[in-house]
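With my numbering, the residue at position 613 of the sequence shown is 604, and numbering never jumps.
Note that the Cβ used here is the ideal one computed from N, Cα and C, for glycine as well.
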Amino acid sequence: MYMGLTPGAATEVPVLRDEAFLLLFRRMPAPALLVEDRTNRILDLNPTFQTVFGWKREAVVGQLDAEFPLWGNPQQHQKMLDSFDAAPSSSQLDYTLRRRDGSLKKCSLAVESLVIEGTTARLYLFQPLASGEATVTERLLSSQQSAPPARIDSALRQSQDSLSLALDAAQMGIWDWEIATGLLNTSHRTAALHGYPDDAWKGRLSEFMAKVPPQDKRAMRRAFIAICRGRQQRYRLTYRVKHEGAAWHWLEVTATLHRDPSGKALRMVGTLLDITKRRRNEQALLESESKFSNLFQGFPDPCSLINLDSHVIIEVNRSFIRSFGYQPEQVIGRSIMDIGFWKPGDQHEIVLGMLNAGEVLRGVQVSLRGKQGRAHICEMSSALFTINRQRCVLLSFRDISARKLAEAALRASENKFALAFKASPDSMSISERDTGIHLEINEGFTRLTGFSASEVIGRTADELEIWSDVSERDKLMAELSAYGRIQQKVMHIRNKYDQICTVSVSVEPLELNDADCLLITARDITEQKRIEARIKHLAYHDALTDLPNRLLLNDRLTQNIALYQRHRLKGALLFFDLDHFKHINDSLGHSSGDAVLQEVTRRLLMVVRQEDTVARLGGDEFVVLISGLEEDDPYFMESIHSTAEKLLSALSMPMEIEGHSLQVSTSIGIALIPDHGDNPGDLLKRADIALYKVKESGRNGIAFFEQAMQLVASERLAIESELRMALASSEFVVYYQPQFDTQAQRVVGGEALMRWNHPHKGLIGPAAFMDILEESSMIVEAGAWVLQQSCRFVAELISGGHIDVQHFSMSVNISPRQFRQPGFVEQVKNAILPLGIPPSCIKLEITEGVVIQNINDTVEKMQELRRFGVLFAIDDFGTGYSSLSYLKRLPLDLIKIDQSFVRDCTEKGNDTEIIRAIIAIARNLGLEMIAEGVETAEQLDFLKQQSCHCYQGYLFSPPVSAQEFVELLGSAPPSADQA
-8 MYMGLTPGAA
2 TEVPVLRDEA
12 FLLLFRRMPA
22 PALLVEDRTN
32 RILDLNPTFQ
42 TVFGWKREAV
52 VGQLDAEFPL
62 WGNPQQHQKM
72 LDSFDAAPSS
82 SQLDYTLRRR
92 DGSLKKCSLA
102 VESLVIEGTT
112 ARLYLFQPLA
122 SGEATVTERL
132 LSSQQSAPPA
142 RIDSALRQSQ
152 DSLSLALDAA
162 QMGIWDWEIA
172 TGLLNTSHRT
182 AALHGYPDDA
192 WKGRLSEFMA
202 KVPPQDKRAM
212 RRAFIAICRG
222 RQQRYRLTYR
232 VKHEGAAWHW
242 LEVTATLHRD
252 PSGKALRMVG
262 TLLDITKRRR
272 NEQALLESES
282 KFSNLFQGFP
292 DPCSLINLDS
302 HVIIEVNRSF
312 IRSFGYQPEQ
322 VIGRSIMDIG
332 FWKPGDQHEI
342 VLGMLNAGEV
352 LRGVQVSLRG
362 KQGRAHICEM
372 SSALFTINRQ
382 RCVLLSFRDI
392 SARKLAEAAL
402 RASENKFALA
412 FKASPDSMSI
422 SERDTGIHLE
432 INEGFTRLTG
442 FSASEVIGRT
452 ADELEIWSDV
462 SERDKLMAEL
472 SAYGRIQQKV
482 MHIRNKYDQI
492 CTVSVSVEPL
502 ELNDADCLLI
512 TARDITEQKR
522 IEARIKHLAY
532 HDALTDLPNR
542 LLLNDRLTQN
552 IALYQRHRLK
562 GALLFFDLDH
572 FKHINDSLGH
582 SSGDAVLQEV
592 TRRLLMVVRQ
602 EDTVARLGGD
612 EFVVLISGLE
622 EDDPYFMESI
632 HSTAEKLLSA
642 LSMPMEIEGH
652 SLQVSTSIGI
662 ALIPDHGDNP
672 GDLLKRADIA
682 LYKVKESGRN
692 GIAFFEQAMQ
702 LVASERLAIE
712 SELRMALASS
722 EFVVYYQPQF
732 DTQAQRVVGG
742 EALMRWNHPH
752 KGLIGPAAFM
762 DILEESSMIV
772 EAGAWVLQQS
782 CRFVAELISG
792 GHIDVQHFSM
802 SVNISPRQFR
812 QPGFVEQVKN
822 AILPLGIPPS
832 CIKLEITEGV
842 VIQNINDTVE
852 KMQELRRFGV
862 LFAIDDFGTG
872 YSSLSYLKRL
882 PLDLIKIDQS
892 FVRDCTEKGN
902 DTEIIRAIIA
912 IARNLGLEMI
922 AEGVETAEQL
932 DFLKQQSCHC
942 YQGYLFSPPV
952 SAQEFVELLG
962 SAPPSADQA
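Okay, here's the thing in structure tokens:
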């Protein structure tokens, strides 16, 4: 048997191929109808049926049995089906049936269960009755009342024989048992089913049942007793028979009890069917159902079994309960639409429509809602079943909510990656790992390399010749294989225009469309590397001259010292600075000073050898490192001295700087390597000591370090330390040198001068310590202290009535460093105001160095203090880089003629003319003047002749203590004749 479409059938039904059965079925004299038990669809009907009832085979086959208009009484028919389902046995009923033309026909109906070609079916056999003819039951009862037993037996046998051929074709046997005699008559099929020869059995029932086990006989006896005692006419039961040399056979017997009018049991007739195969199938089905139940309940995905027509839930598994939160009693028996399982929308209608149409779903995405309202995104699959003639569907749900969230996160991540890839300012490219073929690039790649996407995609970096150094590329790939990724590796590429760029490369593996790829990020660090190189260069070189600085010099010194020791070599360190370079900076400005330093650098490099080092330590300090001289060279010292002289000569040549013709000199101190030290610090210190010796000797010279110089330097260092202690211990005192007016014949002022009252050495003059104070920051603190002491002394003179405030001022020297302090103006005011003295009694002496360092700042501070009332004098005028333009801008009151000019003013030389010029300038600018260092009457006479009447010096008085100064105020000055 196979599945096919029968002509005229509305749906798919089994088509019978058993020719023997079909031949007997269609030649039956009685109308016959065959119905498939599983689907309730009509499989076939014989020609006699068509003749009696008028229905054509083509129009009937495939219809549902219950819907066939044949049954005049549908309720009676459904009752018969229910009875058959409860006890499927051969039975004979009286029926009123409807022909095709609508007329009714009375019939006797026998129903048997058959298995044909593996299909379980019901065979309906109809015995039409003529009008007024008694039914089978009526005839049987009537014959039992009026006819002798022989006639009754004959009638029954004829009735049974009418079914014999059909039942035989269906492999069913029939039997007839006469209760009173115990004789049994069977068909040959019945005998065969009990294992007897294939002939009809005629004999005693007890003998026929010999092969039936005792327990089954007892069950049959109980059934017989029950039917005889009760009103039931029929029974059905199963029992077993053991054939010779074979396994047990299961037989199903159906029996109908016939009674006489008094109710006495006469005989039983029935059928016998071999149901061994069915029992095995039923057992297999039970096992299959158990396996299905275990599989259904143990399936990891949620599952539900649903009636497809009513959508009522038949069963759910444990995973369904866990996943969706429903208890079985909350869903079983209820429609899947009523429990709120589907999220609002028309999705469920589409899905149910697909299921109703018989479609099998595989991984259809649906949105569901659990008991607590939690949303679930699931992939739903289905399988269609028929259970008890009901269409059912098994639904399984695979929750993919987490996967969907992950996919959404992945899509968001991919979108972010795509945006970052395109928007990144860095060069980014994706290429196949195996082939190196570019799959994608961003605009940063084009900006870096100059290649467009159309020029790059589909080609490799080697084809584009991007890597400028193939060895770098090979090393990159080796590291990638070893470590899996690359982070910020410095490499070099060649762009489209054949320019080399330095890049920082990072490589990350990624998978794209199931292919292994590489994401390569490159950042252009060409400018960064250039800046880093420049920063590194500046770390070791002077920014102005590009010469090695102290750090690089120390490094080279260290290397050279080690080299000299290994190879018995010598060298020399020449330390020098420019004499009076500060005056160039002060008078011409820092730009001119810088230009001088650059010119000095150029000249130094022209003198020294290529293997020598020229370094700038800062300011105007330079070092020349002469390297690689033989240790036993007898002319070693002469060679070093010769080089130093060449340097002096080269630097002494005039130089044109910003329109000025300048001539500078230098002082050079020399330390020998390794004689004077085995480390950079000692060598520099000793060369500096030798340099200081040159300065003490008048500058513009050369000096080799000697051990005696070390003692002088140590003494200087000791003095500096003692000066710091002296400031803290108030060991300084102020002496005052009177200033005298020869015309007025009175003291008109004084100059405050520091002295160091050393606890062991006594009173020490400024020549021994002033340079050290000025070179250190101590001059600021010391200058402020002298200013305060001078103001207090003036206040004492005023309160004692020793001076006329209208004709007296105390001069206080102000160092350049003190003047440049941000709070200098407030410092002066704070020294004067608390004492209540007239500001005009204080005269601040500044040098030309103060003036020209920052003329605008100088003028601003001087004008503010001048408005306050303080007077100003310019000291040492004419010794530096004086400029009349500066003098005109400054609020000066007095010019002081330096003692270096006064000393030789009587010798009729340059000093005489300089003094005359200074006096002329003062007179023309309306400034007062005073000469310092007047020690002889001749000097005083000369000054008077030049109309300079004010002076100070040892001719009148050396610097004296405060008390002695007071005493001098009352004494008469010496006359020129006395001097």
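When DSSP states are grouped into helix, strand and coil, Trp46 belongs to the coil group. DSSP places Cys939 in no beta strand (DSSP E); its state is neither H nor E.
Across the structure, Arg880 and Met920 are spaced so that their CA atoms are roughly 18 Å apart. Bounds of any alpha helix (DSSP H) do not take in Ser99; it lies within the beta strand (DSSP E) bounded by 95 to 107. The beta carbons of Ile846 and Tyr877 sit about 6 Å from each other, so the pair counts as a contact at 8 Å. In this chain, the beta strand (DSSP E) harbouring Ser495 covers 491 to 503.
A Cβ-Cβ contact shorter than 9 Å links Tyr230 with Leu242.
Between the C-alpha atoms of Ser310 and Gln288 there is a straight-line separation of about 8 Å.
DSSP places His532 within a strand segment (E or B) once states are collapsed to three. Beta bridge pairing from DSSP links Gln356 with Glu370. According to DSSP, residue pairing for Cys832 in a beta bridge does not occur. Residue pairing from DSSP places Asp507 in a beta bridge opposite Glu502.
The bridge partners DSSP lists for Gln730 are Gly740. The continuous alpha helix (DSSP H) containing Arg914 extends over residues 901 to 916. Ser314 has its alpha-carbon roughly 58 Å from the corresponding atom of Ile484. Under the DSSP definition of a beta bridge, Ile378 partners with Gln381. Look at Gln54 here: in three-state DSSP terms it is coil, with no helix or strand label. Cβ neighbours of Phe810 within its own chain (closer than 6 Å, five residues either side excluded): Val841.
The straight-line gap separating the alpha-carbon atoms of Asp515 and Asp507 is approximately 26 Å. Counting the other CB atoms within 10 Å of its CB gives Met745 a total of 16 or more, which places it among the buried residues. Gln478: member of the beta strand (DSSP E) spanning 477 to 485, first to last residue. Around Val355, the same chain offers Met371 as residues with beta carbons nearer than 6 Å, after the five sequence neighbours per side are excluded. For Met345, there is no enclosing beta strand (DSSP E); the residue is found in the alpha helix (DSSP H) stretching over 338 to 347. Of all C-beta pairs linking the stretch 833 to 840 to the stretch 859 to 867, three or more are shorter than 8 Å, placing the two stretches in contact. Check the Cα spacing between Gly668 and each of Gly441, Phe696, Ile648, Ile659: the tightest is with Phe696. Taking Leu114 as reference, the option from Val102, Ala786, Leu410 with the minimal CA-CA separation is Val102.
Counting only residues of its own chain and dropping the five nearest sequence neighbours on each side, Ile755 has a CB closer than 6 Å to the CB of Trp747, His749. Take the alpha-carbon of Glu340 and the one of Thr377: they are about 22 Å apart.
Asp465 carries a helical assignment under DSSP once its states are collapsed to helix, strand and coil.
For Lys193, the beta-bridge partners assigned by DSSP are Asn176.
Judged by pairs of C-beta atoms under 8 Å, the stretch 297 to 306 touches the stretch 373 to 389, as three or more such pairs exist.
With a beta-carbon spacing of about 22 Å, Ala182 and Ala171 fall beyond the 8 Å limit used to define contacts.
Beta-bridge partners assigned by DSSP to Phe613: Phe567, Arg607. Arg857: member of the alpha helix (DSSP H) spanning 846 to 859, first to last residue. Taking the Cα of Pro291 as reference, the smallest distance to any Cα among Tyr317, Val591, Ile33, Asp390 is reached at Asp390. Nearest in C-alpha terms to Leu196, of all of Leu174, Ala214, Phe215, is Leu174.
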